[in-house]
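Following: one structure in structure tokens, then a few remarks.
Numbering (UniProt numbering), first residue to last: 1 to 296.
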């Protein structure tokens, strides 16, 4: 699976399935101490950054769902320009001053406010180590990568994607070297996606899962092969109406409580969840007439 800029670049759509957002709650207090005043202004600035991040998220969704192929190059330039603008706001020295002032008496804030300040510090420290040019290049390369990955998938030819994949890997290494120079580059990338996670811990988790899942998978495969009376569609050899699959997907989403007044369900080459805000959630999937189980 290729993960484009939309489904993970620069924190625009990272944690919580692309809906990463700092929720700032203003302090209700009659005493206007400096840290509390700083926190209130910090909230305003972080909200603006979040709104612009939402715009980047929608550009990414459109890129993978609606955008005509001829518009991809322009989209890369658009996302690069927006990434540069976001970088300017994320690295503004005034933002750093507000964070420092709020930190000076952080215990005067509530638990959620403290968490907001803590997250703001982590993000600010990372972005100030990253150049504007790298931030813009990361966004543009994400679009280039998606174009190449999509074509490689269609033609079943990895060599089409290999060159830009190498560029992406090299860029990730470069970003890791400047944002977390003391870390292993892979761990730095993992931490950006899932804070606190490491490759060593992932190995432990996967080893534990593998011990139970591999035998179970082999058992399921064996059962399917041993029972030819099962519907042929279970083996991927029957024609399945994609329109009915789409209807079923919508019914399941509604049954689970998904609000279609605050979200959408569309088709993309690879399924993902993103959006611009918790009130605007974008889910995508894909359908196959010969294999209804192929959704990933």
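C-beta atoms are modelled at their ideal positions from N, C-alpha and C, and glycine is treated no differently.
Cα-Cα separation, residue i to residue j
i	j	result
residue 196	residue 203	14 angstroms
residue 56	residue 221	42 angstroms
residue 65	residue 76	15 angstroms
residue 95	residue 213	47 angstroms
residue 273	residue 225	34 angstroms
residue 49	residue 219	50 angstroms
residue 1	residue 144	For residue 1, the predicted model reports a pLDDT of 47, less than 50, meaning its position is unreliable; a value from the coordinates is still stated below. Their backbone Cα atoms lie some 15 angstroms apart in a straight line.
residue 325	residue 159	Past the boundaries of the shown model lies residue 325; the chain is included only from 1 to 296, so the question cannot be answered.
Three-way DSSP call (helix, strand, coil) for residue i in this model
i	result
residue 84	helix
residue 282	strand
residue 267	strand
residue 212	helix
residue 29	Here the model assigns residue 29 a pLDDT of 42, short of 50, so the residue's position is not dependable, and the following value carries that caveat. Reduced to three states, the DSSP call for residue 29 is coil.
residue 128	helix
residue 289	coil
residue 196	coil
residue 60	helix
residue 222	helix
residue 275	strand
residue 244	helix
Contact set for residue i: own chain, Cβ-Cβ below 6 angstroms, skip 5 residues either direction
i	result
residue 91	127 and 128
residue 136	80, 83 and 84
residue 86	52
residue 239	289
residue 198	187
Candidates the options: closest to residue i by CA position
i	options	result
residue 261	280, 248 and 274	280
residue 271	199, 249, 53 and 213	249
residue 244	105, 289, 277 and 158	289
residue 291	264, 242, 200 and 124	242
Contacting residues, own chain, Cβ-Cβ under 7 angstroms from residue i (five flanking each side not counted)
i	result
residue 161	148, 149 and 152
Exposure label - residue i; buried when at least 16 CB within 10 Å
i	result
residue 293	exposed
residue 122	exposed
residue 101	buried
residue 191	buried
residue 38	buried
residue 28	Because the pLDDT at residue 28 is just 43, under 50, the model does not fix this residue reliably, and the point stays unresolved.
residue 142	buried
residue 257	exposed
residue 200	exposed
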